[in-house]
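First comes the structure, then the notes that go with it.
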Amino acid sequence: MTGAPSGHDGLPGSTVLTVRDIERDGVVVVSLVGELDMATAEDAAIALRAATTHATAVVLDMTELRFFASAGLNILLQLRQELQDNGVDVRLATDQQAVLRPMELMGVADQFAVHSSVADALAAARR
Amino acid sequence: MAVPEPGGAEDRLRRIEAVTDAALAHLDTEALLSELLIRVRELLDVDTATVLLIDSSARNLVAVASVGIEEEVRQGVRVPIGRGFAGRVAMERRPVMITQVDDTTVVNPLLWDRGLRTLLGVPLVTTGVLVGVLHVGSVTARRFADDDVHLLQMVADRIALAAHTQVGVVERAAAAALQRSLLPATLPDVPGLSFAARYVPGTDTGVGGDWYDVFRLPGDRVGIVMGDVVGNGLAAAVVMGRLRSALRAYALDVEDPGEVLRKLDRKAQHFEYGTMATVSYAVVERDREHVSIALAGHPPPMVAAPNGAVGLTEPLLGPPIGFLRGGSYQSTVLDLRPGALLCFYTDGLVERRGSTIDAGLLTLRETVTAGPPEAVCAKVMAVLVGTEIVRDDIALLAMRRDPA
């Protein structure tokens, strides 16, 4: 990936989830690396909000998310709702079954625009 | 004994010792608060010292302990975060001093009625979380030195930790009591069916929002609920209690499970913003041969036939309760043969870090049989949990139609 890291580099005190954001051509790409569950969801929600406050388009990079439990899905659905209410385009990039399968089991697979890579998500976001 | 020179090293040490005194550790939170406030008042030579904590709405500070202006506590003084003096300290999260105490700087009239002319306030913060404000006041115009501010912040840190710990203990106890009161102590006796259930709180989270419910309905039908409110602790247990009651009320009026979930979703979206819950609601019909089931983001029950075949049922799946606008829920009718068993569960049973849900579901499928529900629950817990420490809470409910 190119672009300079900015802002919220990781979560203090968390060893299992890292949240990083960079901006690429007006699209904020937030990478979630590690495990997003009840233990990390609250901190992740704060970091995601901070990273996306001034965004006009957001790509959630979950290509390296290894564990995704319902608490994580809840914060993403909340974030998506808030961003969409403000007219912000939200896309999700992942090809991980660890992310896709829980979404399918919870009946929300069709709630996100999902792309298999960050590049695809960015291309769609810029269109 | 010589009196230490004010501001000297010896005096500083004396002041620090007064507020870090190991003997204080033996006091309960309330006694600790009042003892620390008495010492602070003396050390800083001020007239009042008050602690305000954030209330459950997270929007107001409420006076909980005070010396020199006890009526603050007795009158339940409440200051919105961001307004007045204490509200400003909470908002800015740093020490604030004011030398003009009137209705332009302070919202609580007790402070200017008391004749205070100088106020110094510091935030109560522990593990990065703001829990309240500590402030001291003087009826003389004065300036506080940096040392005074540091001392007050040191006391504030100690109070914050104690208050935070106490809230944690109280909340966990309340959540556990609530959860116990909301899970059926015994499952109802229903002709033609037998039940068994388990609930285990998560080790990381304590009691969470999982619940199950079995109730008889008019027309000799039987309602079976398995639900999971996302989140943990008292907040999740309270929402769980409300959803449980609402679902029961709708179930009494409406026959179709999908319609019951649609109403529950509407209720949650309107009254419980930010809540997400997964729910499975099934109704066993009077003939016991048919089960109507609707799912809101919840994993489907496993069905075990008396001939040994076991598999996941495949009811239509709607989104979780509470979040997605315009979610639609439809009922699916399943056949229930004599001796067949349905196994309902929450994701805590099958979801583990370092593994996949499908692996958990496969293990469950290999474990469930159409045996007596009590024995099936025991076996499932032994195989899927065993001696493992489980982070998330787990609920499990087995229902068997009596063999022919």
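Protein chains in written order, with our numbering: chain E, 2 to 128; chain C, 260 to 663.
Where a beta carbon is used, it is the ideal one built from N, C-alpha and C, also for glycine.
1. Quick one: any contact between the region 613 to 626 of chain C and the region 407 to 420 of chain C, if contact means 3 or more CB pairs under 8 Å?
2. Strictly under 7 Å for the Cβ-Cβ distance: is E:L78 near chain C by that measure?
3. Between which residues of its own chain and C:V538 is the CB-CB distance below 6 Å, once the five residues before and five after are set aside?
4. Give the straight-line distance between the Cα atoms of C:G346 and C:I313, rounded to the nearest whole angstrom.
5. For C:T615, which residues in chain E fall below 8 Å Cβ to Cβ?
6. Please list the partners that C:R612 has in chain E, where partner means a Cβ-to-Cβ separation under 7 Å.
7. Would you call the region 470 to 477 of chain C and the region 518 to 529 of chain C touching, i.e. three or more CB-CB distances under 8 Å?
8. Can you confirm whether the region 512 to 520 of chain C touches the region 581 to 594 of chain C when touching is taken to mean that 3 or more C-beta pairs between the two stretches lie within less than 8 Å?
9. Tell me which same chain residues have a C-beta within less than 8 Å of the C-beta of C:P662, skipping the five on either side of it?
10. Assuming C:E329 and C:L369 form a contact by the criterion Cβ under 8 Å, report the distance between their Cβ atoms to the nearest whole angstrom.
11. Chain C beta carbons: is any one of them nearer than 7 Å to that of E:V91?
12. Quick one: residues in its chain with C-beta nearer than 7 Å to the C-beta of C:I418, no 5 flanking neighbours on either side, listed in chain order?
13. Taking C-beta pairs closer than 7 Å, name the residues in chain E that C:P558 reaches, listed in chain order.
14. Consider the Cβ of C:P578: report whether some Cβ of chain E lies at a distance smaller than 7 Å.
15. Starting from the C-beta of E:F69, find all residues in its chain whose C-beta is less than 7 Å away, skip the five residues before and the five after it, and write them out in chain order.
16. Once DSSP output is grouped into helix, strand and coil, what is the label at C:V381?
17. Can you look up C:S315 in the DSSP assignment and give me helix, strand or coil?
18. Classify C:F603: buried if its beta carbon has 16 or more other beta carbons within 10 angstroms, exposed otherwise.
19. Could you compute how far the alpha carbon of C:V493 sits from the alpha carbon of C:S315?
20. Which two residues bound the contiguous alpha helix (DSSP H) that contains C:T279?
21. Under DSSP, the alpha helix (DSSP H) around C:S590 begins and ends at which residues?
22. Determine the closest residue to E:L84 out of E:V29, E:M107, E:A42 and E:R67, with distance taken between C-alpha atoms.
23. Please check if any C-beta of chain C sits within less than 7 Å of the C-beta of E:V20.
24. According to DSSP, which residues form a beta bridge with C:S397?
25. Can you tell me the Cα-Cα spacing of C:G586 and C:D651, whole angstroms?
26. Does at least one heavy atom of the ligand COA sit under 6 Å from the Cβ of C:E329?
27. List the DSSP bridge partners of C:L643.
28. Would you call the region 89 to 99 of chain E and the region 56 to 69 of chain E in contact, with 3 or more CB pairs under 8 Å?
29. Going by DSSP in three states, C:L621 sits in which element: helix, strand or coil?
30. Could you give the distance in angstroms between the alpha-carbon of C:N367 and the alpha-carbon of C:E289?
31. In this structure, does DSSP put E:S71 in helix, strand or coil?
32. Can you give me the C-alpha to C-alpha distance between C:I340 and C:D362, rounded to a whole angstrom?
33. Give me the Cα-Cα distance between C:D405 and C:G327, rounded to the nearest whole angstrom.
34. Can you tell me where the alpha helix (DSSP H) with C:A527 in it begins and where it stops?
With the structure as the only source:
1. no
2. yes
3. G486, A555, H557 and I580
4. 10 Å
5. Q98, A99 and R102
6. E36 and F68
7. no
8. yes
9. P565, P597 and G598
10. With 8 Å as the limit, C:E329 and C:L369 do not qualify as a contact, their Cβ atoms being about 10 Å apart.
11. no
12. L292, L295, V310, L383 and L393
13. L106
14. yes
15. L37, A99, V100 and P103
16. strand
17. coil
18. buried
19. Rather than Val, the amino acid found at residue 493 of chain C in this sequence is Leu. Taking the straight line joining both Cα atoms gives about 11 Å.
20. A268 to T279
21. Segment: none, C:S590 is in no alpha helix (DSSP H) and carries neither H nor E.
22. E:V29
23. no
24. C:T377
25. 26 Å
26. This structure simply doesn't include the ligand COA, nor any ligand for that matter.
27. For C:L643, which the question treats as bridged, DSSP gives no partner whatsoever.
28. yes
29. helix
30. 23 Å
31. helix
32. 16 Å
33. 23 Å
34. P516 to F530
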